[in-house]
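Below: one structure, written as C-alpha cells.
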Amino acid sequence: MNKLKVVYLWLIRFLSILNLWQPRKKVVYLMSFDNNLDFIKQFAQQLSSRTRFVVLYRPETEAAATDLAAFGIETHQFTDGIRFVLDFVPLLMGARLIFCDNYYAFLGGLVHPKNMTIVQMWHANGAIKKFGWQDPTTDKRSDTDKKRFQEVYDHFDEYVVSSQAMGKVFQRSYHEAANHIQLLGYPRSDQYLNPEWISSARQRIFHAAPELKSHRVILYAPTYRPDNSFKLPSGLGAALSADPNAIVVVKLHPVLRNRETAMQKIGNPRIKFYHELPTDDLLTVADTLVTDYSSVAFDFSLLPNANSMIFFMFDLDRYQRDPGIQDDYADWLPSKPLFTVSEFKQAIINQEPTDFHAFNHHWNTYNDGQATKRVIDRYRNLLKK
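Here the sequence shown is numbered in numbering that gives the first Met the number 0, starting from 0 and rising by one per residue.
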C-alpha cells in the first residue's frame, strides 16, 4: 500500500511540474466538511470576474456542494485516483489561493510555487482531541509515513484560527512556525452570534420537531470513534432521560449510528433521533449539551441558549491512547468531566449551569461575529498583490 501511495504522489508531482507554467488566477476551496458555506458564498461574491472560484468537494459533502452550485459557484466532486491527477492537479496548479478545511494527503505530492498560498481553515474552533504529531499513534508509523505527513504539513502557508490556544495546537501538531498563524476568528462562528440566524434555525427545528417546544432539550452529541468495537455504556439511555421534563436528542456520528439500537430498544418516547436535522440547528434549541471530545463544545458555548455542558468521558483511558486528547484539557474545560453513568445521571438531574466565560476567552477569543469579514479582507488583499 505504501508503494502505491508513493507512486500516486509521484504522479501528482509530475503533473504539477507539467503545469507550473499556468497563470495563477483561481481560488480553490477543498471541502470535506459542510460547515463553511456562508464564507464560501460571500468570498465568491466579492471576487472580481477575472478570478475563477472553484470548490472541489468530497462525496460526503454532496448536499452542501449542490447548495453552492445553485448559488452559482463552480463545484466538482473529487476522490483520490487517476482522474483526480489528470483533471484536478492542473486545475490546482492554476490557483493563486487554496483553502483547505482538513488534512489532504495529496498535497504532499503537489508542487508548491512561491506565488501560490495554501491556507488551512480547520473545521473546528478548538481541539480537545490530538492530531498530527501529537497523536500517540503517530510514533508507531514508519519513517516513510512520517516524512509523508510532514510534507503535507509543510504545504500550509497560513492557518486561520480563533485563538492563540488553537494556534499553539497547530504549532505542536504540525511543527508549524508561529508567524504562520492568523488570529482572525473562525468564519462559521459568526452564525452563532447572529440573532437572525439563530431565530431562523430555531424556526426550522420547531417546524420539523414541534415537540421540542416548551421542554428542556438535552442534546447528546459524542465524537467519532475509530474503533469498531466501541460500545455505548450500559444504562446511558436511562441516565440521559433522568429528567422527566426533558426531551433527549441523540446525534451520534454517522459512523456510529448503528450504536443507537440499544437506546432505541428502551422504547422511551422522550429519547429522539432526528437524523435529518443538522447539529448546528439543534444546538440553538438545546439547553444542555452532552458531549465528550467533540469540537461541538466550542460552537455551543457561543449560543445565548447554552445553559449547561456535560463532558461524559466514560472511555477516557482508551481515548487518551488513540487518538489522544490535549494534555491540559482539565485546565480549560468549562465543567468537570464525568466518567461513570451514575455521576452522569446525577448531573442531568441537578441541571447546574455552566460558566463559559473563561472557556470562550481561551478558545473563541477572536470569534466576535466579524470573523468572516476579516478573513475575506485578508485574502482579497492577498489576491491583489
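By construction, the Cβ of each residue, glycine as well, lies at the ideal position given by its N, Cα and C atoms.
### Local conformation of residue 325 per DSSP, three classes
The count along the sequence shown starts at 1 and reaches residue 325 at position 326. DSSP places residue 325 in coil when its eight states are reduced to three.
### Message
Out of 155, 198, 36, which one is the CA nearest neighbour of residue 179?
### Response
By one-based count along the sequence shown, residue 179 stands at place 180. Nearest of 155, 198, 36 to residue 179, Cα basis: 155.
### Message
Considering just the uninterrupted stretch of the alpha helix (DSSP H) at residue 13, what are its terminal residues?
### Response
In the sequence shown, residue 13 corresponds to position 14, counting from 1. Per DSSP, residue 13 belongs to the alpha helix (DSSP H) from 1–17.
### Message
Suppose only complete runs of 3+ residues qualify. What are the beta strand (DSSP E) ranges in the segment 132–203, listed by chain order?
### Response
Counting whole runs of 3 or more residues, the segment 132–203 contains the beta strand (DSSP E) stretches 157–160, 180–182.
### Task
Spell out a yes or no on whether the segment 47–65 and the segment 28–36 are touching, meaning 3 or more CB-CB pairs, one atom from each, closer than 8 Å.
The segment 47–65 is in contact with the segment 28–36.
### Query
Assuming residue 132 contacts residue 174 under a Cβ cut-off of 8 Å, what Cβ separation, rounded to an integer in Å, is found between them?
Residue mapping note: residue 132 aligns to position 133 of the sequence shown, counting from 1. Residue mapping note: residue 174 aligns to position 175 of the sequence shown, counting from 1. Taking C-beta atoms under 8 Å as the contact rule, residue 132 and residue 174 qualify, at a distance of about 6 Å.
### Task
Identify the continuous alpha helix (DSSP H) that holds residue 346 and give its terminal residues.
Counted from its first residue, the sequence shown places residue 346 at position 347. 340–349 is the extent of the alpha helix (DSSP H) around residue 346.
### Message
By the three-class DSSP mapping on this structure, what secondary structure does residue 270 have?
### Response
As a position in the sequence shown, residue 270 is number 271, starting the count at 1. Strand at residue 270.
### Query
Are the segment 183–190 and the segment 35–44 in contact at 8 Å, needing three or more beta carbon pairs?
Taking a cut-off of 8 Å on C-beta distances, the segment 183–190 touches the segment 35–44, as three or more cross pairs fall below it.
### Task
Report yes if the C-beta distance between residue 177 and residue 361 is below 7 Å; otherwise report no.
Locating residue 177 in the sequence shown gives position 178, counting from the first residue. Locating residue 361 in the sequence shown gives position 362, counting from the first residue. Going by C-beta atoms, residue 177 is not nearer than 7 Å to residue 361.
### Task
Please classify residue 140: is it buried, with 16 or more other beta-carbons within 10 angstroms of its beta-carbon, or exposed?
As a position in the sequence shown, residue 140 is number 141, starting the count at 1. Classification for residue 140: exposed.
### Task
Go through its chain and collect everything with a Cβ distance to residue 387's Cβ below 7 Å, but skip five positions before and after it.
Residue 387 is absent from the structure shown; the chain starts at 0 and stops at 384.
### Task
Could you spell out where the alpha helix (DSSP H) holding residue 92 opens and where it closes?
Counted from its first residue, the sequence shown places residue 92 at position 93. Counting along the chain, the alpha helix (DSSP H) containing residue 92 begins and ends at 88–92.
### Message
Could you tell me the alpha carbon to alpha carbon distance between residue 129 and residue 296, rounded to whole angstroms?
### Response
Residue numbering aside, residue 129 sits at position 130 when the sequence shown is read from its first letter. Residue numbering aside, residue 296 sits at position 297 when the sequence shown is read from its first letter. C-alpha separation (whole angstroms): 15 Å.
### Message
For the pair the segment 328–335 and the segment 211–226, tell me if three or more CB-CB distances fall below 8 Å.
### Response
Between the segment 328–335 and the segment 211–226, the count of Cβ pairs shorter than 8 Å is below three; the stretches do not touch.
### Message
DSSP three-state label for residue 284, please.
### Response
Your numbering for residue 284 matches position 285 in the sequence shown. In the structure shown, the three-state DSSP call for residue 284 is coil.
### Task
Report yes if the CB atom of residue 238 is closer than 7 Å to the CB atom of residue 344, and no otherwise.
On the sequence shown, residue 238 is found 239 positions in, with the first residue counted as 1. On the sequence shown, residue 344 is found 345 positions in, with the first residue counted as 1. For the 7 Å CB-CB criterion, residue 238 and residue 344 form a contact.
### Task
Give every residue of the same chain whose Cβ lies closer than 6 Å to the Cβ of residue 299, excluding the five residues on either side of it in the sequence, and list them in chain order.
If you number the sequence shown from 1, residue 299 lands on position 300. Closer than 6 Å at Cβ, skipping near neighbours: 282, 288, 305.
### Query
Secondary structure at residue 360, three-state DSSP: helix, strand or coil?
Counting from one through the sequence shown, the residue named residue 360 turns up at place 361. In the structure shown, residue 360 sits in a helix (DSSP, three-state: H, G or I).
### Message
Which residues does DSSP list as the beta-bridge partners of residue 76?
### Response
Residue 76 sits at position 77 when you count from the first residue of the sequence shown. Its beta-bridge partners are 56.
### Proximity below 7 Å, CB of residue 365 to CB of residue 182
Start at 1 with the first residue of the sequence shown, and residue 365 comes out as number 366. Start at 1 with the first residue of the sequence shown, and residue 182 comes out as number 183. Taking 7 Å as the Cβ cut-off, residue 365 and residue 182 qualify as a contacting pair.
### Task
Kindly indicate which residue of 63, 111, 44 has the alpha-carbon position closest to the one of residue 16.
As a position in the sequence shown, residue 16 is number 17, starting the count at 1. Looking at the Cα atoms, 111 is the closest of the given residues.
### Query
When the distance is taken between beta carbons, is residue 54 closer than 7 Å to residue 74?
Sequence index remark: in the sequence shown, residue 74 carries index 75 (1-based). Sequence index remark: in the sequence shown, residue 54 carries index 55 (1-based). The Cβ-Cβ distance between residue 74 and residue 54 falls below 7 Å.
### Message
If you reduce the DSSP assignment to three classes, tell me which class residue 127 lands in.
### Response
As a working mapping, residue 127 is identified with position 128 in the sequence shown. Assignment of residue 127 by DSSP, reduced to helix, strand and coil, places it in the coil class.
### Query
Which residues bound the beta strand (DSSP E) around residue 25?
In the sequence shown, residue 25 corresponds to position 26, counting from 1. Going by DSSP, residue 25 is part of the beta strand (DSSP E) stretching over 25–30.
### Query
Span of the alpha helix (DSSP H) holding residue 374?
On the sequence shown, position 375 is the one that residue 374 refers to. Per DSSP, residue 374 belongs to the alpha helix (DSSP H) from 370–383.
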